[in-house]
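So the protein lines, in turn, are chains U and S.
Mapping of the first sequence onto this note's numbering: position 150 corresponds to residue 151, and the numbering continues sequentially without gaps.
Mapping of the second sequence onto this note's numbering: position 151 corresponds to residue 159, and the numbering continues sequentially without gaps.
Glycine included, C-beta positions come from ideal geometry on N, C-alpha and C.
If you're wondering where the values come from, they're calculated on a predicted model, not measured in any experiment.
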Amino acid sequence: MEDSRQPVSRRDFLKLAALAPVAWSLSPLLEGQRDTDVAGEGRRNVIVLVFDAWSAHDVSLYGYQRRTTPNVEYFARDATVYHNHYTAGTFTVPGTASLLTGLLPWSHRAFQLGAGGITKSHMQHQLFAALGATHNTVAFAHNAFADLLVSQAQKDVDVHVASNAFNIDSSLWSNLPVFRKDMQVAYSSFDDNIFQTSDGYDSSLFLGPLDRLWVLDKKFADTRKLGGNYPTGLPESTTGMFRLEDLASGAIQILGALPEPSFAYLHFYPPHGLYHPTAEFANAFDDGWSPAGKPIHPVAYEKKQSDFLSAARRLYDQYMASWDAEAGRIFDYLSASGLLDRSYVILTSDHGEMFERGDVGHWTRMIYDPIIHIPLIIKTPGQTERKDVYAPTSSVDILPTIARMSGNPVPDWAEGQTLPGFEGSEVGGHSIFTVDAKNNPSWAPLTRTTITLTKDQKRLTYYNYPNEWQAFELYDLDEDPEELQNLYGRDLVAGRKMHDELMQRLSEVNAQYQGGPG
Amino acid sequence: MQAIPTHSNRSRLPARRDILGVFSAVLFVVFGWSIRGFLYKIPAFALYFGLGTNLAILCYMFAFALIESILVTGTLVVVAAILPPGVFRQGFSYKGFIVVLVASVAMILFEGYYQSAFFKDIMAGNDSSIPPFVLGSVASLIALAALLWVAHVQPRVRRVAQYIVDQLSIFAYIYVPLGLLGLAVVILRNLR
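Shown next, in the form of structure tokens:
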């Protein structure tokens, strides 16, 4: 008789061994599943999938001319698609913090690139705490900065899968289990100082340089060994090098082990740069298309020219398509496993990505549509038809909506409102704020900042950089979606009304911080 | 004239006093560089951390600096124990000081060159045929050999080196307790 068993190769064994920590970390939850199942009878899972730096502008589901996301399109065929969804923050820290807390950056105060995190007074105001009584809570954040925010909610997270769990390697000391209880400080001490993960000198005089050489050597070795499918090199997150396929497999592993009902927050680094598409998509969009150039903005950091920006955007699109192919496996698993029938699945991002006016990526002080307009797709159990929502919505609306989905009360501290389709209003008029304050102390009034108010298809942006650039810009998003015609000073009625609302809110927020560091 | 023994006859290790002298020099450069790094980052940390958290970060840095200093000194002692006595064990104090001096300068230059942007370039294939750290290592070894030779033939240089080592010993009384305090804080923060 033929033996149908396949021999386990060394590669398979290593893969299984790599996933063992995940299985181990989920096992306590599985042991306790019986009790939680009784408590959660009738409740649905809530699964939030976040693709980092995912701009709606480059997503074919939203009409982008390059076919970057066929699998997302397929997933959305019987889901609710939000066409005007905006993030409250322009990069991972404020964007993710707003998503998790339902608060605007000027309230949660996590708006610098670092380990500062959510202010103490709001640390209990987050999704894990809001759902902890009714759901098992599981978190995986592949981006170290998002992971630091999860670590702030540690006591409300039943299973916190390490951010490097599916990486080829890890370059972060703060990821070591020994620092799990003090991750923020460990990150700032080790990975933002003793060993520098960005430019600058290590504070470790002798071991720092040795660590750099060791990391470099490891990167070369990993790229040689495992980078065959990545012509421009292996993708790399803030926590180390990884392969898209391993990340998708890891997500499937987490989802496969979810006790029910669960609230699962899975934050994936791609399509965040550096953009390293797979061989299949490496030339997918070499189509000669270049978006129209836009003038360089006075607050642009990089002042890159159009050719450079177009090339970077093409690479971003190719990388997004590569990740979409792997994300398709996650969607397939959700469907095949039956999880889709028992879960609300929310697909969104923490912020967008921009390739215009001189800056590339999202490290910018500018706020224009590509950096704040992000996808939002929600699949409800039993939903069989696609629904399109055009009313403007904000990332701070996610928390109240999830609270409602999960049968919990909407917390009174939440600053958003329930999304249309979940008892929220489908009519416009909602004031959507986005705040960038990366140059402003978190404990001080906002005096160096960019703030945007989007309302009734108009957008007012306030650039407040004393001695550098102070200006208002007003755009009509219906007539001028590329935001090229500044109407401030011309559309007096809308301009004045939005100006007063924005300044009033800013004044109210700043009044709480007049005293300096608390 | 009878030579003053600078190492223990009963052991392959250098004399305890010499080891402590080199340890003090290592503590001085390692803690000094670490404090420089902390002061450089303070404006950024102050944007979002309060005084308590910043002090906790300082404790991590002191704890790590102490461990690093012990490792570096330990490595020098092991090298001295392995090599023939005349090479490193005799005159361990001034020779160790010169090694620490050259290595410190080399490491600072290395870090200035090997920034993240440089890493990205060489990962993208824009690397030169001879890695700069190899050239830097060779240059450092030449500088080290030259300084050791000068110290060997010039007693005055040896005396100056020894004088500096003696003066630096005061830092051991400051940095070791700070490192131990830091270590205790790190352990407590991760146990609670």
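Own chain, CB closer than 7 Å to residue i, minus 5 neighbours either side, in chain order
i, result
"F282 (chain U)", "Q319, A322 and S323"
"G118 (chain U)", "A111, L149, L150, Q153 and Q185"
"N159 (chain S)", "The residue you asked about is not Asn; residue 159 (chain S) is Ala in the sequence shown. Around A159 (chain S): Y102, I106, V165, R166 and A169."
"E76 (chain S)", "V38"
"V110 (chain S)", "S148, A151, L152 and L155"
"G94 (chain S)", "none"
"D288 (chain U)", "none"
Proximity to residue i [Cα-Cα], best of the options
i, options, result
"V47 (chain U)", "U:Y302, U:Y266, U:A326 and U:K498", "U:Y266"
"L275 (chain U)", "U:Q458, U:D398, U:G294 and U:R244", "U:R244"
"L50 (chain U)", "U:Q155, U:T462 and U:L348", "U:L348"
"T365 (chain U)", "U:D501, U:Y464 and U:G339", "U:Y464"
"G4 (chain S)", "S:A159, S:I116 and S:L152", "Within the shown structure, residues of chain S are numbered from 9 to 200, placing residue 4 (chain S) beyond reach of any answer."
"P442 (chain U)", "U:R110, U:H374 and U:Q185", "U:R110"
"E483 (chain U)", "U:R44, U:H58 and U:Y345", "U:H58"
"L188 (chain S)", "S:Y48, S:R167 and S:I78", "S:I78"
"T451 (chain U)", "U:D159, U:F286 and U:W470", "U:W470"
"A98 (chain U)", "U:R78, U:K121 and U:A77", "U:K121"
"D325 (chain U)", "U:Y63, U:R45 and U:R68", "U:R68"
"D527 (chain U)", "U:V139, U:A163, U:P382 and U:A147", "Limits of chain U in this structure are 2 at one end and 519 at the other, which puts residue 527 (chain U) out of reach."
"K456 (chain U)", "U:T419, U:A495, U:D481 and U:Q418", "U:A495"
"S336 (chain U)", "U:S171, U:A80, U:R44 and U:E509", "U:A80"
"M242 (chain U)", "U:A252, U:Y270, U:A258 and U:V397", "U:Y270"
"Y83 (chain U)", "U:V162, U:G359 and U:G425", "U:G425"
"G353 (chain U)", "U:R387, U:L340 and U:Y317", "U:Y317"
"P396 (chain U)", "U:V94, U:H143, U:L100 and U:Q486", "In the sequence on display, residue 396 (chain U) carries Ser and not Pro. Minimum Cα distance to S396 (chain U) is reached at U:L100."
"G257 (chain U)", "U:F332, U:D287 and U:G383", "U:F332"
"G329 (chain U)", "U:S171, U:G133, U:D192 and U:E74", "U:E74"
"L235 (chain U)", "U:Y514, U:L488, U:Q155 and U:T279", "U:T279"
"A23 (chain S)", "S:Y171, S:L59 and S:Q98", "S:Q98"
"L196 (chain S)", "S:A64, S:G29 and S:Y56", "S:A64"
"P446 (chain U)", "U:L507, U:R78 and U:D342", "U:L507"
Rounded Cβ spacing between residue i and residue j (contact assumed at less than 8 Å)
i, j, result
"A222 (chain U)", "E327 (chain U)", "About 24 Å; that fails the 8 Å criterion."
"S204 (chain U)", "F46 (chain S)", "7 Å"
"A131 (chain U)", "H363 (chain U)", "In fact, because the Cβ distance is near 27 Å, the residues do not count as touching under 8 Å."
"P292 (chain U)", "V60 (chain U)", "Incorrect: roughly 15 Å between the Cβ atoms, too far for contact."
"Y87 (chain U)", "I399 (chain U)", "Actually they are not in contact, since the Cβ atoms of Y87 (chain U) and I399 (chain U) sit about 12 Å apart, beyond 8 Å."
"E416 (chain U)", "L104 (chain U)", "5 Å"
"G144 (chain S)", "A114 (chain S)", "6 Å"
"V390 (chain U)", "G422 (chain U)", "6 Å"
"S344 (chain U)", "R45 (chain U)", "6 Å"
"I378 (chain U)", "F76 (chain U)", "7 Å"
"N176 (chain U)", "T239 (chain U)", "About 10 Å; that fails the 8 Å criterion."
Chain-order list of residues whose beta-carbon lies under 6 Å from that of residue i (same chain, five-residue window excluded)
i, result
"S307 (chain U)", "G294"
"V346 (chain U)", "I48 and K380"
"A116 (chain U)", "L149, Q185, Y188 and S189"
"W414 (chain U)", "H126"
"Y369 (chain U)", "E484"
"H273 (chain U)", "D53 and A54"
"Y68 (chain S)", "V194"
"A252 (chain U)", "L267 and I331"
"M499 (chain U)", "L454 and L461"
Partners in chain A for residue i, counting only beta-carbon separations shorter than 8 Å
i, result
"I65 (chain S)", "No chain A appears in this structure, whose protein chains are U and S."
Residues near residue i by beta carbon distance below 8 Å, same chain, minus five either side
i, result
"E412 (chain U)", "The amino acid at residue 412 (chain U) is misidentified as Glu; the sequence shows Pro. Hits under 8 Å: G103, H126, A131, L400, P401 and A404."
"E32 (chain U)", "Any answer about E32 (chain U) is weak, because its pLDDT of 44 lies below 50 and its placement is not dependable; what the coordinates show is given next. Excluding sequence neighbours, E32 (chain U) sits near nothing in its chain."
Report task. Could you tell me which uninterrupted alpha helix (DSSP H) segments, each at least 4 residues in length, are contained entirely in the region 48 to 109 of chain S, listed from first to last along the chain? Result -> Those alpha helix (DSSP H) runs which fall completely within the region 48 to 109 of chain S and span 4+ residues are 59 to 90.
**Report entry** Contact set between the region 133 to 144 of chain U and chain S, restricted to residues whose Cβ is under 8 Å from the partner
**Finding:** Against chain S - using a Cβ distance shorter than 8 Å - the region 133 to 144 of chain U contributes no residues.
Query raised in the report: For the region 179 to 190 of chain U, which residues have a CB atom closer than 9 Å to at least one CB atom of chain S, in sequence order?
Result: Listed by position, the residues of the region 179 to 190 of chain U near chain S (Cβ gap below 9 Å) are V179, F180, R181, K182, D183, Q185, V186, A187, S189 and S190.
Query raised in the report: Curious, which full-length alpha helix (DSSP H) runs of at least 4 residues does the region 126 to 173 of chain U contain?
Result: Here the runs fully enclosed are 128 to 132 and 145 to 153.
**Report entry** Every unbroken alpha helix (DSSP H) within the region 172 to 204 of chain U, with a cutoff of 4 residues, ordered by chain
**Finding:** Contiguous alpha helix (DSSP H) elements confined to the region 172 to 204 of chain U occur at 184 to 187, taking only those with 4 or more residues.
Query raised in the report: Which whole runs of the alpha helix (DSSP H) in the region 387 to 466 of chain U are 4 residues long or more, in chain order?
Result: Restricted to the region 387 to 466 of chain U, the alpha helix (DSSP H) segments that are unbroken, complete and at least 4 residues in length are 399 to 406, listed in chain order.
**Report entry** Contact residues within the region 194 to 211 of chain U, judged by C-beta distance below 7 Å to chain S
**Finding:** Flagged, chain order: N194, I195, S199, D200, Y202, D203, S204, S205, L206, F207, L208, G209 and P210.
Report task. Can you check the region 65 to 109 of chain U for any alpha helix (DSSP H) of at least 4 residues that lies completely inside it and give the ranges in chain order? Result -> Taking only runs of at least 4 residues, the alpha helix (DSSP H) segments lying wholly in the region 65 to 109 of chain U are 71 to 76, 93 to 102 and 106 to 109.
Query - Residues in the region 25 to 49 of chain S having any Cβ partner in chain U nearer than 7 Å - result: So the list reads V37, V38, W41, S42, G45, F46 and K49, given in the order they occur along the chain.
Query raised in the report: In the region 101 to 121 of chain U, which residues sit with their C-beta less than 7 Å from some C-beta in chain S, listed in chain order?
Result: Residues passing the 7 Å Cβ filter: Q113, G115 and G117.
Query raised in the report: If you measure beta-carbon to beta-carbon, which residues of the region 431 to 448 of chain U are closer than 7 Å to chain S?
Result: Of all residues in the region 431 to 448 of chain U, P442 and S443 have a Cβ within less than 7 Å of some Cβ in chain S.
Query raised in the report: What residues in the region 314 to 342 of chain U have a beta carbon less than 7 Å from any beta carbon of chain S?
Result: The residues in question: there are none.
Query raised in the report: Quick one: complete beta strand (DSSP E) runs, 3+ long, within the region 341 to 372 of chain U?
Result: Counting only runs of at least 3 residues, the region 341 to 372 of chain U fully encloses the following beta strand (DSSP E) elements, listed from N- to C-terminal order: 344 to 349, 355 to 357 and 360 to 362.
Requested in this report: Return the residues of the region 89 to 114 of chain S that lie within a Cβ-Cβ distance of less than 8 Å from chain U, sorted by chain order.
Outcome: If the cut-off is 8 Å between Cβ atoms, the region 89 to 114 of chain S has A111 and S112 near chain U.
Query raised in the report: Between the region 66 to 81 of chain S and chain U, which residues of the former have CB atoms less than 7 Å from a CB of the latter, in chain order?
Result: Answer set for the region 66 to 81 of chain S: Y68, M69, F72, E76 and V80.
Query raised in the report: Using a Cβ cut-off of 7 Å, which residues of the region 210 to 225 of chain U contact any Cβ in chain S, in chain order?
Result: Of all residues in the region 210 to 225 of chain U, P210, R213, L214, L217 and K220 have a Cβ within less than 7 Å of some Cβ in chain S.
Requested in this report: Identify each residue in the region 151 to 183 of chain S for which the Cβ-Cβ distance to at least one residue of chain U is less than 9 Å, and report them in chain order.
Outcome: Cβ contacts with chain U come from no residue of the region 151 to 183 of chain S.
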